[in-house]
Every structure is written in C-alpha cells, then in structure tokens.
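K.L.:
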Amino acid sequence: MSPPEAPVRKKPLEYEPTVTRVQMETPDTATLSLDFGGAPLDYKAGQFLNIDPHQFRELAPLAAFLQEQKGRREIFRSYSLSSAPHEPLVAITVKDEPYLPGFTRYPALLAPLLIHGRLTGARIKVSGFMGPYVLPEDVESRTDHIVHVVAGSGAVPNFSIIKDALHRGLKLRHTFVLSNKTAADMLYREALDALEAAHPDRLRVVHTLTRETDAAPLGPRVRKGRVDQALLEELIPDRETCLVYICGPAITPWDRRKALETRTPATPRFLETVVGHLHTLGVHDKRIKREAYG
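Read in order, the letters of the sequence shown are residues 46 to 339 in our numbering.
#1: Classify SER186 as buried or exposed, calling it buried when 16 or more other Cβ atoms lie within 10 Å of its own Cβ.
#2: Need the endpoints of the beta strand (DSSP E) that SER125 sits in, please.
#3: Does the distance from the CB of GLU157 to the CB of ASP141 come in under 7 angstroms?
#4: Mind checking which residues open and close the beta strand (DSSP E) that includes ILE96?
#5: Measure the C-alpha to C-alpha separation of LYS170 and LEU326 and round it to an integer number of angstroms.
#6: Would DSSP call SER128 helix, strand or coil?
#7: Under a Cβ-count criterion, where at least 16 other Cβ atoms within 10 Å of its own Cβ denotes burial, should ASP230 be classed as buried or exposed?
#8: Tell me VAL64's beta-bridge partners as DSSP assigns them.
#9: Once DSSP output is grouped into helix, strand and coil, what is the label at ARG102?
#10: Rounded to whole angstroms, how far is the Cβ of LYS216 from the Cβ of ASP246, which I believe are closer than 8 angstroms?
#11: With 16 as the cutoff for other CB atoms within 10 Å, does LEU144 come out buried or exposed?
#12: Can you say whether ASP273 is buried or exposed, counting buried as having 16 or more other CB atoms within 10 angstroms of its CB?
#13: Where DSSP assigns a beta bridge to LYS269, which residues make up the other side?
#14: Can you tell me which of the three DSSP states HIS161 falls into?
#15: Could you have a look at PRO43 and say whether DSSP puts it in helix, strand or coil?
#16: Going by alpha carbons, who is nearest to GLY162 out of PHE101, LEU111, TYR88 and TYR233?
#17: CA-CA distance, SER198 and GLY293?
#18: Contact check, ILE296 vs PRO313 under 8 angstroms by CB: the rounded distance?
#19: Quick check: what's the CA-CA separation for THR253 versus HIS244?
#20: Mapping DSSP to helix, strand and coil, what is VAL319?
#21: Return the chain-ordered ranges of every alpha helix (DSSP H) run that is complete within the region 216 to 248 and spans a minimum of 4 residues.
#22: Three Cβ pairs or more, each shorter than 8 angstroms: is that satisfied between the region 202 to 221 and the region 301 to 311?
#23: Can you find the residues in the same chain that come closer than 6 angstroms, C-beta to C-beta, to LYS334, ignoring five residues on each side of it along the sequence?
#24: Assuming LEU232 and GLY173 are in contact, meaning their beta carbons sit under 8 angstroms apart, how far apart are those beta carbons, in whole angstroms?
#25: State the beta-bridge partners of ALA196 as determined by DSSP.
#26: Let's test the definition: count the other Cβ atoms within 10 Å of the Cβ of PHE148 and tell me whether it reaches 16, buried, or not, exposed.
Okay, here's the thing in structure tokens:
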C-alpha cells in the first residue's frame, strides 16, 4: 500500500490592491481597507497576509540599517485580517510598537508607514492568504461555545472570526474577552457593542483594563485589572466542551535567547499566562488555539 500523500500547501498568491481608507482606531493603531479590484479571493476569517517592506523606497535607509544590525535581509511582515470574507473590502488592522531601550531590540520598520504614511490611494503589494488560526469546518459538532481571550491588537483575527461566524449563522455562542491598558486603547469597541446588541444570545463582550484607576464609569462590560484565573472561571462554565482562541503577546525569540544566556526562565507574557490559567481550570490543551505576537 502506498503511503498517504502529504496535503498540498497552497502557495500564497501575490496581489496589488489599492488602499481606499486608513482609519485610526486608537492613537497608535489603524485599519487599512484594501480594494482588490474584483480579483477572486479565497480566505478564511482569522488568517493574515504578508507585506514586503522593500517595496517602499522611503524605508530603504532603515531597512539597510536593520539588515546590518541583524546580519540578515529584512523579511515580510504579517498582518491579521480584521475583515470577514463576506465584506466587500479586505482590511488589516496595524498597531505601531514603540522602541523601548532594554525591552525592544529593534525599532518597527513597516508599521509606522502603514499607519501614518498617508497611503490612501496608493497601491501596495501583498501576498496571501495564510494561517491556521481559523474555526474548524466541523466546529458546530465540536462545541457550542467559543471563548476569545485577546490582548491589544490580538483582537484583530478574533474580530474577523466573530463577524464571520455571526454572518454565517453558526450555532455558536461567543464570549469575547479583550485586555488593554486604558480605555483609549480599546479596539473595535463601538463595532463590538453593535454586534452584541444585534446578537445578544450569541455574543458577550467583556473588556479588562490594566492601567485604569477606575473602570466603573465605563460601564458593566469593562473590568479593572488583568485577565486572571478568577475571571476565566466566571466566564467559562463549560470548560470541558468549549474552544478557546487566544491571541496576544507571547515570549519572543529574543526573550528565550536572553533566558538561555542568563540561565533564568523567560518571564511568561499574556499568552503563556492565560494558557496556564486555562490548564489550571481544567481546559484541555487540545481545546486551546493560539496566535502569538511580540
């Protein structure tokens, strides 16, 4: 008997869409709407596309500097889709990351241009669509409850997933937990409020803010503090049957190298901390889907 053939991976396709709008979501985060000109698109909610920074002449000096520092060529950057497949335009939401000496190893290369570069009307080269951070085809037979636990721009792919699932009428309940530093950092708040109002039996949204001294004036959906074990225990009564999608900052390769050099454990970040809480609560690892950044 011949061995089974390995699944064929689709090669990312190259496109050159037009940026039709750059909408500031927060002071350091923007959503870029992309018009693909009617090209047939095949993507799933939760996936991402890639953008090569070398196509932008204004980035050439910084790219050259970073390549010299790193000893390798700068590669493409990946951005999760905030749009859902049924929406007329493809959208990505991009967050700028400040350079913090001692914490951030290198300054951001592409994000500042995408956010602040006045690209409306420009054509940019992208490739896509990729990524396994999607709902399984048979999700309705696996669970009736999807728990989304995200931090900062980790909300982006999960926002896409929720819009898609609600549009398709999947028999799923969604609990969407978003962690941010302050109220000014909250992504998609009005859009999520509208979705929750339209689907009160399908969507529950809870925000947590880590640097607000008093979250009470922001309403009952907003909690003060981090996503901790007590909050997850409150929001996930069906821990043996739910599926959990986590997206947010994780331990970086640089963190791991430093840990090896200093012979000290790398400090867990959002993703590792949430996974640890879920394991303690009895959520099996096979029911947890992860998407890391940082």
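Here a beta-carbon is modelled for each residue, glycine too, at the ideal position from N, C-alpha and C. Given the structure is predicted, the values throughout are model-derived calculations rather than measurements.
P.N.:
In this structure, then:
#1: For the purposes of this step, residue 186 is taken as the residue at position 141 of the sequence shown. Exposed, by the Cβ-count rule.
#2: The sequence position of residue 125 within the sequence shown is 80, counting from 1. First-last of the beta strand (DSSP E) with SER125: 122 to 125.
#3: Walking along the sequence shown from the start, residue 157 turns up at place 112. Walking along the sequence shown from the start, residue 141 turns up at place 96. Per the sequence presented here, residue 157 reads as Pro, with Glu not at that position. In this structure, ASP141 lies closer than 7 angstroms to PRO157 by Cβ.
#4: As a working mapping, residue 96 is identified with position 51 in the sequence shown. Run containing ILE96: 93 to 96, per the beta strand (DSSP E) assignment.
#5: The residue you call residue 170 lines up with position 125 of the sequence shown. The residue you call residue 326 lines up with position 281 of the sequence shown. Cα to Cα, the separation comes out at about 44 angstroms.
#6: Within the sequence shown, the letter at position 83 stands for residue 128. The answer is coil: DSSP assigns SER128 none of H, G, I, E or B.
#7: The count along the sequence shown starts at 1 and reaches residue 230 at position 185. It is buried - the Cβ of ASP230 has at least 16 other Cβ atoms within 10 Å.
#8: Here residue 64 refers to the residue found at position 19 of the sequence shown. LEU79, per the DSSP bridge assignment.
#9: Counting from one through the sequence shown, the residue named residue 102 turns up at place 57. If DSSP states are grouped into helix, strand and coil, ARG102 belongs with the helices.
#10: Locating residue 216 in the sequence shown gives position 171, where the first residue counts as 1. Locating residue 246 in the sequence shown gives position 201, where the first residue counts as 1. About 11 angstroms; that fails the 8 angstroms criterion.
#11: Here the question's residue 144 lines up with position 99 in the sequence shown. According to the sequence shown, residue 144 is Tyr rather than Leu. Exposed.
#12: Your numbering for residue 273 matches position 228 in the sequence shown. So ASP273 counts as exposed.
#13: Within the sequence shown, numbered from 1, the residue matching residue 269 stands at position 224. Looking at the DSSP assignment, LYS269 forms a beta bridge with LEU254.
#14: Numbered from its first residue, the sequence shown carries residue 161 at position 116. The answer is helix: DSSP assigns HIS161 an H, G or I state.
#15: With the chain running from 46 to 339 in the structure shown, residue 43 is simply not present.
#16: Against the sequence shown, residue 162 aligns to sequence position 117. Comparing Cα-Cα distances from GLY162 to each of PHE101, LEU111, TYR88 and TYR233, the minimum goes to PHE101.
#17: In the sequence shown, counting from the first residue as 1, residue 198 sits at position 153. In the sequence shown, counting from the first residue as 1, residue 293 sits at position 248. Answer to the nearest angstrom: the Cα atoms are 7 angstroms apart.
#18: Looking up residue 296 in the sequence shown gives position 251. Looking up residue 313 in the sequence shown gives position 268. Right, their Cβ atoms sit about 7 angstroms apart.
#19: Residue numbering aside, residue 253 sits at position 208 when the sequence shown is read from its first letter. Residue numbering aside, residue 244 sits at position 199 when the sequence shown is read from its first letter. Distance between the alpha carbons of THR253 and HIS244: 21 angstroms.
#20: Your numbering for residue 319 matches position 274 in the sequence shown. Looking at VAL319 - three-state DSSP - the assignment turns out to be helix.
#21: 234 to 243
#22: no
#23: Within the sequence shown, residue 334 is the residue found at index 289, counting from 1. Result list for LYS334: TYR290, in chain order.
#24: Numbered from its first residue, the sequence shown carries residue 232 at position 187. Numbered from its first residue, the sequence shown carries residue 173 at position 128. No, LEU232 and GLY173 are not in contact; Cβ-Cβ is about 21 angstroms, not under 8 angstroms.
#25: On the sequence shown, residue 196 is found 151 positions in, with the first residue counted as 1. Paired residues: SER224.
#26: As a working note, residue 148 is residue 103 in the sequence shown. By the 10 Å Cβ count, PHE148 comes out exposed.
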